[in-house]
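Below is one structure, written out as structure tokens, with a few remarks after it.
Number of protein chains: 2
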Amino acid sequence: MSLAHTNTHPSATATGVTAPAGFSAAGVTAGLKSTGKNDVVLVQNHGPNFTAAGVFTSNRVAAAPVHWSKQVLSDGRVDAVLLNSGGANACTGAEGFGNTHRSAEYVAELLSVSASDVAVASTGLIGVQLPMDKLLPGVKAAAAALATDQGASDEAAAGIMTTDTVPKLVSRVVGPAGSTQITIGGMAKGAGMLAPALATMLVVLTTDAVLTSEQADTALRAATAMSFDRADSDGCMSTNDTVLLLASGASGTTPDMAEFTAALTDACCELAAKLIEDAEGADHTIAIRTYNAASEADALEVSKAVSRSNLVKTAVFGKDPNWGRVLSEVGTTKAAFEPDELNVSINSVMVCKNGGVGEDRNLVSLEERNVSIEIDLNAGTAEATVLTNDLTHDYVHENSAYSS
Amino acid sequence: MSLAHTNTHPSATATGVTAPAGFSAAGVTAGLKSTGKNDVVLVQNHGPNFTAAGVFTSNRVAAAPVHWSKQVLSDGRVDAVLLNSGGANACTGAEGFGNTHRSAEYVAELLSVSASDVAVASTGLIGVQLPMDKLLPGVKAAAAALATDQGASDEAAAGIMTTDTVPKLVSRVVGPAGSTQITIGGMAKGAGMLAPALATMLVVLTTDAVLTSEQADTALRAATAMSFDRADSDGCMSTNDTVLLLASGASGTTPDMAEFTAALTDACCELAAKLIEDAEGADHTIAIRTYNAASEADALEVSKAVSRSNLVKTAVFGKDPNWGRVLSEVGTTKAAFEPDELNVSINSVMVCKNGGVGEDRNLVSLEERNVSIEIDLNAGTAEATVLTNDLTHDYVHENSAYSS
Numbered sequence: 001m002s003l004a005h006t007n008t009h010p011s012a013t014a015t016g017v018t019a020p021a022g023f024s025a026a027g028v029t030a031g032l033k034s035t036g037k038n039d040v041v042l043v044q045n046h047g048p049n050f051t052a053a054g055v056f057t058s059n060r061v062a063a064a065p066v067h068w069s070k071q072v073l074s075d076g077r078v079d080a081v082l083l084n085s086g087g088a089n090a091c092t093g094a095e096g097f098g099n100t101h102r103s104a105e106y107v108a109e110l111l112s113v114s115a116s117d118v119a120v121a122s123t124g125l126i127g128v129q130l131p132m133d134k135l136l137p138g139v140k141a142a143a144a145a146l147a148t149d150q151g152a153s154d155e156a157a158a159g160i161m162t163t164d165t166v167p168k169l170v171s172r173v174v175g176p177a178g179s180t181q182i183t184i185g186g187m188a189k190g191a192g193m194l195a196p197a198l199a200t201m202l203v204v205l206t207t208d209a210v211l212t213s214e215q216a217d218t219a220l221r222a223a224t225a226m227s228f229d230r231a232d233s234d235g236c237m238s239t240n241d242t243v244l245l246l247a248s249g250a251s252g253t254t255p256d257m258a259e260f261t262a263a264l265t266d267a268c269c270e271l272a273a274k275l276i277e278d279a280e281g282a283d284h285t286i287a288i289r290t291y292n293a294a295s296e297a298d299a300l301e302v303s304k305a306v307s308r309s310n311l312v313k314t315a316v317f318g319k320d321p322n323w324g325r326v327l328s329e330v331g332t333t334k335a336a337f338e339p340d341e342l343n344v345s346i347n348s349v350m351v352c353k354n355g356g357v358g359e360d361r362n363l364v365s366l367e368e369r370n371v372s373i374e375i376d377l378n379a380g381t382a383e384a385t386v387l388t389n390d391l392t393h394d395y396v397h398e399n400s401a402y403s404s
Numbered sequence: 001m002s003l004a005h006t007n008t009h010p011s012a013t014a015t016g017v018t019a020p021a022g023f024s025a026a027g028v029t030a031g032l033k034s035t036g037k038n039d040v041v042l043v044q045n046h047g048p049n050f051t052a053a054g055v056f057t058s059n060r061v062a063a064a065p066v067h068w069s070k071q072v073l074s075d076g077r078v079d080a081v082l083l084n085s086g087g088a089n090a091c092t093g094a095e096g097f098g099n100t101h102r103s104a105e106y107v108a109e110l111l112s113v114s115a116s117d118v119a120v121a122s123t124g125l126i127g128v129q130l131p132m133d134k135l136l137p138g139v140k141a142a143a144a145a146l147a148t149d150q151g152a153s154d155e156a157a158a159g160i161m162t163t164d165t166v167p168k169l170v171s172r173v174v175g176p177a178g179s180t181q182i183t184i185g186g187m188a189k190g191a192g193m194l195a196p197a198l199a200t201m202l203v204v205l206t207t208d209a210v211l212t213s214e215q216a217d218t219a220l221r222a223a224t225a226m227s228f229d230r231a232d233s234d235g236c237m238s239t240n241d242t243v244l245l246l247a248s249g250a251s252g253t254t255p256d257m258a259e260f261t262a263a264l265t266d267a268c269c270e271l272a273a274k275l276i277e278d279a280e281g282a283d284h285t286i287a288i289r290t291y292n293a294a295s296e297a298d299a300l301e302v303s304k305a306v307s308r309s310n311l312v313k314t315a316v317f318g319k320d321p322n323w324g325r326v327l328s329e330v331g332t333t334k335a336a337f338e339p340d341e342l343n344v345s346i347n348s349v350m351v352c353k354n355g356g357v358g359e360d361r362n363l364v365s366l367e368e369r370n371v372s373i374e375i376d377l378n379a380g381t382a383e384a385t386v387l388t389n390d391l392t393h394d395y396v397h398e399n400s401a402y403s404s
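As they're listed, the protein sequences go chains A and B.
Under the working numbering, the first sequence has 57 at position 57, and the numbering climbs by one with no breaks.
Under the working numbering, the second sequence has 56 at position 56, and the numbering climbs by one with no breaks.
So this is what it looks like as structure tokens:
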């Protein structure tokens, strides 16, 4: 239940948003993306419950669908979610909001639900209006294609990809075998503009648990705080981040909330790790663990500071265990520590001891994809891990060419 | 007197630390750098006054010479400054501090001054002890080479370079022609790990003005706040930043402090601009001006946030006027503004109006080195400019290979 490179927790055979009972999904090609790949996605909750919670970007320049979906979530009910890639619908003014509204109305009409229960999420370039003449036919096709099988989950997860290279799906089963188990499913996209306090990412989580909207909200906030909020690819916060949890109640089971929250957190950690593993241009996934901190807040501040250092990230790209750059970032924080009591280990080699030279840095190998940087503050017992990735030529290339 | 791309203010013919009366300098090759270029530098103040002020990195993991020089500056007197490139002497423990102390003692002996009046500044790789067997002979050679001519200024400025591609010198003359004028001189180094609150940079400013140490301190803090604190290359704060101002009083003139501070600020802005113009791998120098802000603090927060965005910086590298990435950063700040009242101009083309699409982005040319991004918050009358540079393949290359 923490951010780590490898997740070995048991998964259900089915994965993605249709894994739990009560959900259908579809992903189709509407032509919003020039690649001709899936770009319009629908997820429908068939009940009997329509409980929902949402967490959104804290960016004050929020996209039209974020404004819309916050309103939709205000009564804790969502019947369907419309998602699109190929356009963020951010910084698009009244026309952009009107387009979001109109597409939600169209979904409502097609699925015979209320538009005020249709959440919308968009991703892609900022500052461009969505081509409604393409989007609306796509919505119609998606509604017609809604299905509950694995293929539907797969098509949906593919439809929200932008610069992602792989679709990202997850599932968890809660409760002992033999009992009436609860299933959690989910999908995510996001490969750039990833930062704590949520990142360019769209995440839809589904479950057949019986939840109140308060329970869903509490569980979702706890889960995102431990997962997506601790994944930072490039320090840039998106205008469109949206994480939704839909609960159908189709299992008929009210879960133990501690157990449910743990499984939801675990699922979110897996998705967060998948986002970082697929970060734009990344050669290395870097887990930055700060331990022996006076508080979890201190540990998190230190891990986040290091995760945002371009110099640390380029050093890892260059396979250079440059611990001085790590210490230099630690020194910019307000965390409790004494500079001459800091230890830093890179891939388990303690290259910095007591704030100075430790074991031979040549003992560190950075050939593998996964890198561990562990910072011992020697100031307490708290810890926190943040996942990030290296800064590479491919990141520069991809982001200098993205909109052109 | 603000950060701008081009400085057209009058300079004295002589430039660098020996431009004012009362100063000698030298730069020699001691073999600390594998390149065989100058790496040990001395600057001596010959009085009659020995007034000094210093501003240092706020990084809590500060290098040994920073700890030493802070002590030296505590009585407002400096007779000489020893600087070296080829090693930062940071994270080097008691041995590192001992080496700084020993080298100051050696300078004191050679120049017949007190070691407690010898400031020390180092730059280079963190976590490596300085080779004293090379450094001390270099100090001796530098002491023997001390001179007051332009060549001495040039050799000194060359000796503090690390990844800098050009030496950085400055001078200003204060006071009307015909009167007894005051001269300000200076040199700087720094091309990476540059961030507000001071950056990997060493700066020595000299003047022949008659100043008290309080006047020197006030003027220096005012000047750095408007210049080096508003230059951010890569968001990384160094362990070694040091800015020193030495005043010899050799002109015999006590300046009008407003006029002197303005000239000192102007000189610092020129040096800060030179640092950013020579930033590692940079193709573009970017001036980010936020205006119509409710306060200068708001304007500064917004300009700094944008200057730290890897996505904005890669877009500029790709000659892509991607204003959505600018707005997205503005949205992460606490500054007063309404999202639908924001305007953004890139090279004078208002590509974003009222938070949405403005003039045609294809009208923006990013072929030239200098780029202007202007953000209108529509919330007041304050403004602030921060200088940064783009994020390029060469930055990644240089910083993934620096220590190996």
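Backbone N, C-alpha and C define an ideal beta-carbon position, used for all residues, glycine too.
What you are looking at is a predicted structure, and each value in this text was computed from that prediction instead of being measured.
Indicate the three-state DSSP secondary structure (helix, strand or coil) for residue i in the structure shown.
i      : result
B/I346 : strand
B/D241 : coil
A/N399 : helix
B/L82  : strand
B/S233 : coil
A/Q44  : strand
B/C91  : coil
A/F260 : helix
A/E270 : helix
B/S295 : coil
A/V351 : strand
B/S74  : coil
B/I276 : helix
B/K140 : helix
A/S66  : As written in the sequence, residue 66 of chain A is Val, which differs from the Ser given in the question. Here A/V66 sits in helix by DSSP.
B/K304 : helix
B/T183 : strand
B/T285 : strand
B/E359 : coil
Buried or exposed: residue i, going by 16 or more other Cβ atoms within 10 Å of its Cβ?
i      : result
A/E367 : exposed
B/D256 : exposed
A/L205 : buried
B/Q71  : exposed
B/A94  : exposed
B/T6   : Its pLDDT being 42, under 50, B/T6 is placed unreliably by the model, and the measurement read from it follows with that caveat. Exposed, because fewer than 16 other Cβ atoms sit within 10 Å of the Cβ of B/T6.
A/D229 : buried
B/V357 : buried
B/K168 : buried
A/A115 : buried
B/D154 : buried
A/G138 : buried
For residue i and residue j, which I take to be in contact (beta-carbon distance under 8 Å), what is that distance rounded to the nearest angstrom?
i      : j      : result
A/A80  : A/Q44  : 5 Å
A/T242 : A/A88  : That pair is no contact at about 11 Å.
A/T123 : A/L202 : 6 Å
On the DSSP bridge list, what partners appear for residue i?
i      : result
A/K189 : A/L202
A/F56  : A/T242
B/F23  : B/N45
B/A407 : Any answer about residue 407 of chain B is impossible in this case: the structure gives chain B only from 1 up to 404.
Are the C-beta of residue i and some C-beta of chain E separated by less than 7 Å?
i     : result
B/T92 : Among the protein chains in the structure shown, which are A and B, there is no chain E.
Output, in sequence order along the chain, the residues in the region 106 to 126 of chain A whose CB is closer than 8 Å to any CB in chain B.
If the cut-off is 8 Å between Cβ atoms, the region 106 to 126 of chain A has L125, I126 near chain B.
Closer than 9 Å, Cβ to Cβ, to anything on chain A: give me those residues from the region 41 to 75 of chain B, in chain order.
Contact residues of the region 41 to 75 of chain B toward chain A are T57, S58, N59, R60, V61, A62 (C-beta to C-beta distance below 9 Å).
Can you pull out the residues from the region 199 to 224 of chain A whose beta carbon lies closer than 7 Å to at least one beta carbon of chain B?
Listed by position along the chain: nothing, the set is empty.
Proximal residues, the region 282 to 301 of chain A versus chain B, C-beta separation under 7 Å:
Hits within the stretch: zero.
Which of the residues in the region 309 to 323 of chain A, read from start to end, lie with their CB under 7 Å from any CB of chain B?
Those residues of the region 309 to 323 of chain A that come within reach of chain B (Cβ to Cβ, closer than 7 Å) are S309, N310, L311, T314, A315, F317, G318, D320, N322, W323.
Going along the chain, which residues of the region 129 to 157 of chain A sit with their C-beta nearer than 7 Å to a C-beta in chain B?
Result list empty, no residue passes.
Taking only beta carbons into account, state which residues of the region 358 to 372 of chain A come closer than 8 Å to chain B, listed in chain order.
Residues: none.
Return the residues of the region 268 to 280 of chain A that lie within a Cβ-Cβ distance of less than 9 Å from chain B, sorted by chain order.
Look at the region 268 to 280 of chain A: it has no residue with a C-beta under 9 Å from a C-beta of chain B.
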